[in-house]
Amino acid sequence: MSCKILTIPCLSDNYAFALHHEQTGRTAIIDAPEAGPIITALRQAGWQADELWITHHHADHIDGTAALRDAFPDLTVVGADADAHRLPPLDRAVAAGQSFEFAGERVEVIDVSGHTVGHIAFHVPAAEAAFTADSLMALGCGRLFEGDAPMMWRSLSRLAALPPGTLICSGHEYTQANARFALTIEPGNDALRDRADRIDAARRAGEPTVPSRLDEEMATNPFLRAGLQTVKDAISMSHASDAEVFAEIRARKDRF
7 MSCKILTIPC LSDNYAFALH HEQTGRTAII DAPEAGPIIT ALRQAGWQAD ELWITHHHAD
67 HIDGTAALRD AFPDLTVVGA DADAHRLPPL DRAVAAGQSF EFAGERVEVI DVSGHTVGHI
127 AFHVPAAEAA FTADSLMALG CGRLFEGDAP MMWRSLSRLA ALPPGTLICS GHEYTQANAR
187 FALTIEPGND ALRDRADRID AARRAGEPTV PSRLDEEMAT NPFLRAGLQT VKDAISMSHA
247 SDAEVFAEIR ARKDRF
């Protein structure tokens with residue numbers, strides 16, 4: 007699949023994404039925090055929005071939907087059937103575990119409940135990308151507003167099973183703060199310290215820190231590493247279950 011992915015800053019720290027299939031010219035937008043920056047980015051690229059894929063119901067991921075429909079009257083809006091009652095009107099409702107076709111390519115729908123119940127991620131194998139919004143994030147994961155720690159751990163484990171080179175296209179620019187927290191869990195992790203330095207340099211230059219690669223998340227993100235014995239030992243939970251360790255790390259981040 008020959009495609010391009012645009013990272014589109016929105017609001018104060020949100021990201022939307024545009025996935026453009028070069029052979030067909032079709033473009034999918036993932037999440038709509040606000041319409042203006044998305045429309046501007048598409049016009050600059052010379053693209054039309056054909057589909058909008060919504061990950062979850064929070065306002066900072068859906069508030070631009072109506073204006074995008076106005077700008078692109080043929081827009082097809084896709085979202086989770088289980089969450090349809092609190093999403094904008096959907097043209098296509100999908101369920102976790104299902105797949106659908108975009109520009110002739112398979113899009114896998116993954117249940118990533120935890121931040122919200124009914125949150126989904128979109129994995130496009132041919133593009134080597136997963137659009138994870140507020141589930142797996144760069145060096146972090148979303149707060150548990152509706153789900154619980156075991157639920158989120160199961161969701162992150164599903165994403166961890168994707169191919170290592172998968173681009174993780176997450177929904178916020180939280181990476182610098184996430185790095186500072188991650189270093190409190192694994193201060194001796196050389197890969198993490200190197201990544202933190204690169205993140206600081208990117209932010210000084212005004213550059214986004216997402217997308218990130220899954221293999222880099224596996225090496226540095228404490229929420230994905232909760233099952234490792236070295237991490238369990240580091241937080242004095244050597245004999246705890248993976249989900250219990252994840253819960254403790256999430257609780258520490260909430261207090262950080």
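Converting from the sequence shown to this note's numbering requires adding 6 to each position, the first position being numbered 1.
Beta carbons: idealized from backbone N, C-alpha and C, even for Gly.
Residues in its own chain within less than 6 angstroms of residue i by CB, not counting five upstream and five downstream?
{"i": "residue 264", "result": "One cannot answer for residue 264 here, as it falls past the ends of the chain, which runs 7 to 262."}
{"i": "residue 104", "result": "115"}
{"i": "residue 87", "result": "99 and 101"}
{"i": "residue 45", "result": "77"}
Going by C-alpha to C-alpha distance, which of the options sits closest to residue i?
{"i": "residue 164", "options": "175, 205 and 115", "result": "115"}
{"i": "residue 255", "options": "156, 180 and 191", "result": "191"}
{"i": "residue 223", "options": "253, 187, 241 and 144", "result": "144"}
{"i": "residue 101", "options": "66, 61 and 131", "result": "61"}
{"i": "residue 20", "options": "233, 124, 179 and 199", "result": "179"}
{"i": "residue 13", "options": "128, 203, 48 and 85", "result": "48"}
{"i": "residue 85", "options": "74, 75 and 97", "result": "97"}
{"i": "residue 28", "options": "109, 80 and 75", "result": "109"}
Can you give me the C-alpha to C-alpha distance between residue i and residue j, rounded to a whole angstrom?
{"i": "residue 227", "j": "residue 166", "result": "11 angstroms"}
{"i": "residue 232", "j": "residue 199", "result": "18 angstroms"}
{"i": "residue 249", "j": "residue 241", "result": "14 angstroms"}
{"i": "residue 149", "j": "residue 208", "result": "25 angstroms"}
{"i": "residue 162", "j": "residue 67", "result": "20 angstroms"}
{"i": "residue 193", "j": "residue 18", "result": "29 angstroms"}
{"i": "residue 72", "j": "residue 133", "result": "27 angstroms"}
{"i": "residue 126", "j": "residue 90", "result": "12 angstroms"}
{"i": "residue 291", "j": "residue 8", "result": "With the chain represented from 7 up to 262, any question about residue 291 goes unanswered, as that position is not in the structure."}
{"i": "residue 42", "j": "residue 225", "result": "36 angstroms"}
{"i": "residue 181", "j": "residue 16", "result": "16 angstroms"}
Buried or exposed: where does residue i fall if 16 or more other Cβ atoms within 10 Å of its Cβ makes it buried?
{"i": "residue 217", "result": "buried"}
{"i": "residue 107", "result": "exposed"}
Taking Cβ positions only, does residue i come closer than 9 angstroms to chain D?
{"i": "residue 29", "result": "Structure shown: chain D not included; a single protein chain is present."}
Give every residue of the same chain whose Cβ lies closer than 7 angstroms to the Cβ of residue i, excluding the five residues on either side of it in the sequence, and list them in chain order.
{"i": "residue 176", "result": "138, 139, 142, 143, 144 and 216"}
{"i": "residue 238", "result": "244, 246 and 251"}
Once you ignore the five residues that flank residue i on each side, which residues in its own chain have a CB closer than 8 angstroms to its CB?
{"i": "residue 11", "result": "23, 24, 25, 26, 133, 135, 173, 175 and 217"}
{"i": "residue 53", "result": "24, 26, 31 and 33"}
Practice prompt. Could you tell me which uninterrupted beta strand (DSSP E) segments, each at least 3 residues in length, are contained entirely in the segment 16-45, listed from first to last along the chain?
Written response: 20-27 and 33-36
Practice prompt. Go through the segment 39-83 residue by residue and report every complete run of the beta strand (DSSP E) that reaches 3 residues or more, in order.
Written response: 57-59
Worksheet item: Taking the runs of the beta strand (DSSP E) that are 3 residues or longer, which of them lie wholly in the segment 137-204?
Response: 173-176
Worksheet entry | Every unbroken alpha helix (DSSP H) inside the segment 224-257 [4 residues or more] | 235-240
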